[in-house]
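Taking the numbering used here, I'd label the letters of the sequence shown as residues 9 to 255.
The structure under discussion appears below in the form of structure tokens.
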Amino acid sequence: MDPSDVEVPSNNSPSSETGTIHDITVDCSERVTLQVGERRFTTLRATLVGESEYFAARLSDRWDDAEEDGSYFVDSDPSIFEHILSYLRSGNFPVFFDSSTLSFDHAKYLSLLNEARYFGIRELESWIKKKKYLDVVCVTRSVDIINKVTACSLDHLNRASTGDTKVDVSTSWAIEKVYVCPRNVPEHYGDRSRCGQACEKARVRQGGDEDFEEEPIVRAVIITTKVTVNLDHWLGDQRTSEDEQSF
Numbered sequence: 009m010d011p012s013d014v015e016v017p018s019n020n021s022p023s024s025e026t027g028t029i030h031d032i033t034v035d036c037s038e039r040v041t042l043q044v045g046e047r048r049f050t051t052l053r054a055t056l057v058g059e060s061e062y063f064a065a066r067l068s069d070r071w072d073d074a075e076e077d078g079s080y081f082v083d084s085d086p087s088i089f090e091h092i093l094s095y096l097r098s099g100n101f102p103v104f105f106d107s108s109t110l111s112f113d114h115a116k117y118l119s120l121l122n123e124a125r126y127f128g129i130r131e132l133e134s135w136i137k138k139k140k141y142l143d144v145v146c147v148t149r150s151v152d153i154i155n156k157v158t159a160c161s162l163d164h165l166n167r168a169s170t171g172d173t174k175v176d177v178s179t180s181w182a183i184e185k186v187y188v189c190p191r192n193v194p195e196h197y198g199d200r201s202r203c204g205q206a207c208e209k210a211r212v213r214q215g216g217d218e219d220f221e222e223e224p225i226v227r228a229v230i231i232t233t234k235v236t237v238n239l240d241h242w243l244g245d246q247r248t249s250e251d252e253q254s255f
């Protein structure tokens, strides 16, 4: 959601099947426009003063420093402030996680920590300071080795990635020794247990040693990476519900 957008409930919206209409209006005097760097943000006074000690003081009767157009100048980086405003609006903590590199943007969290301190948002400051964002995203990896891969199974593995699971497959050539039946029965090839007494007698006549052939095979190493989001550590308590915690 663009932090410069304001969600204002529409008037005359139905609230029940009986057709009851609630007149929901927003006092224009409650709207606040902030000039943050080169960007303007419009929100509600209640959004700003709910958790921010800075805005609670600045928007009180003790201060009167609005610009001529009614906006308030805030000396802050707008690219960071948009996350401050998003948190104040939703209560949801910011997650700066790159799914391509599977890493957090710690530099951005440091910048946001400084802004949270400046604006006096204690809960957000504590959440970042204690690095609780590391509990939001869990990355697990597993490694499997398949010694003999067919073209069909390799194609299946390459298609195994999903939205939250990534499968990396690396292959290499290897040599496998394969058992050869002394009577050259095709059904016995590669399986010593299939040979019976007739095969054993043939082996004795041939000298008694088991025969093997070297066969090139494709060996695969499969690394499965799964990313899990823990909504309990992300969503604000007042907005966490059973429906929101399930995908």
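Here a beta-carbon is modelled for each residue, glycine too, at the ideal position from N, C-alpha and C.
The structure presented is a predicted model; accordingly, all values stated were derived computationally and were not measured.
Item                                                                                                        : Value
Counted within 10 angstroms of its Cβ, other Cβ atoms place P194 as buried (16 or more) or exposed          : exposed
Segment limits, beta strand (DSSP E) that includes Y187                                                     : 173 to 188
Cβ separation of T41 and G78, assumed to be a contact under 8 Å, to the nearest whole Å                     : 6 Å
Sequence-distant residues of the same chain with beta carbon closer than 7 Å to I88, five excluded per side : S119, L120, E123
Under the three-state DSSP convention, the category Q253 falls into                                         : Here Q253 scores only 37 on pLDDT, less than 50, and its place in the model is too uncertain to base an answer on.
Sub-8 Å separation of R53 and E38 beta-carbons                                                              : yes
Paired residues, beta bridge with K234 - DSSP                                                               : T148, T173
Beta-carbon proximity check, I129 vs V229, cutoff 8 Å                                                       : no
Residue of G45, S68, V226 minimising C-alpha distance to C160                                               : V226
Counted within 10 angstroms of its Cβ, other Cβ atoms place I32 as buried (16 or more) or exposed           : Confidence at I32 is low in this model, with a pLDDT of 44, below 50, so its placement is unreliable and the value that follows should be read with caution. It counts as exposed.
Buried or exposed by the 16-neighbour rule on C-beta atoms within 10 Å, applied to W135                     : buried
Three-state secondary structure (DSSP) of R70                                                               : coil
Nearest neighbour of D199, chosen from Y187, C207, N192 [CA to CA]                                          : Y187
Distance, F63 Cα to V57 Cα                                                                                  : 5 Å
Same chain only: Cβ atoms within 7 Å of S68, ignoring 5 sequence neighbours per side                        : none
Distance between beta carbons of L243 and N100, contact taken as under 8 Å                                  : 5 Å
Straight-line gap, G45 to V157 (C-alpha atoms, nearest Å)                                                   : 58 Å
Environment of V212 [buried if 16+ CB atoms lie within 10 Å]                                                : exposed
Contacting residues, own chain, Cβ-Cβ under 6 Å from L132 (five flanking each side not counted)             : Y95, A124
Of the listed residues G204, T236, Q205, nearest to L110 (C-alpha basis)                                    : T236
Nearest residue (CA-CA) to S98, options E59, R149, A74                                                      : E59
Residue span of the alpha helix (DSSP H) that contains V57, given as start and end                          : 53 to 57
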